[in-house]
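Note that the sequence shown covers residues 805 to 941 in the working numbering. Heads up: the structure comes next, in structure tokens.
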Amino acid sequence: MFTSLQNPLALASRLLLAALFLPAGISKLTGFAGTVGYITSVGLPMPTVAAAIAAAVEVLGSLALIFGVGTRFAAFALAFFTLVASFFFHAYWNLPADKQMMQQLMFFKNVGVTGGLLALAAFGAGAWSLDARRSGR
């Protein structure tokens, strides 16, 4: 049964993951100064460069997932980005106990999203993608 659903589920996976990253990337671009300020607030170096990289990864990675082009690379890049960002922006272990819950939820949500992205990196975009068209599948 699941074999017949493999391609629609791969497409759904790509679109649902892109729905998380594309709006975030666009908001980083449209609110660039705020993004730089937020990155500065957690003490990361070169916040302007980091904001530009974050926006580019999220927007370009999302578009790659939507169209299924360079899917494995895009999924891996988004997985790495998500996991690294989680340690800086959802560091619940550094907060007082009464302030940890939301950041802990966000951290582990990102861990789960990373897992989904790694599955796409491992198995690819499916037949309903530009990757498959280019390879003749």
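In this text, a Cβ means the ideal position worked out from N, Cα and C, and glycines have one as well.
Report task. Round the Cβ separation of A814 and A929 to the nearest angstrom and send it over; I've been treating them as touching at under 8 Å. Result -> 6 Å
key: Contacting residues, own chain, Cβ-Cβ under 7 Å from F893 (five flanking each side not counted)   = V846
*Pick helix, strand or coil for G928, following the three-state DSSP scheme.*
coil
Query - Integer-rounded CB distance, given that V873 should sit under 8 Å from L821 - result: About 15 Å separates the two Cβ atoms, so there is no contact after all.
key: Collapsed DSSP secondary structure at P900 in the structure displayed   = coil
If you count every other CB in all the chains shown that lies within 10 Å of the CB of R937, and 16 or more means buried, which is it? exposed
>> Output needed for S817: all residues of its chain with C-beta closer than 7 Å, excluding positions within five of it in sequence on either side, in chain order.
In response: G920, L924
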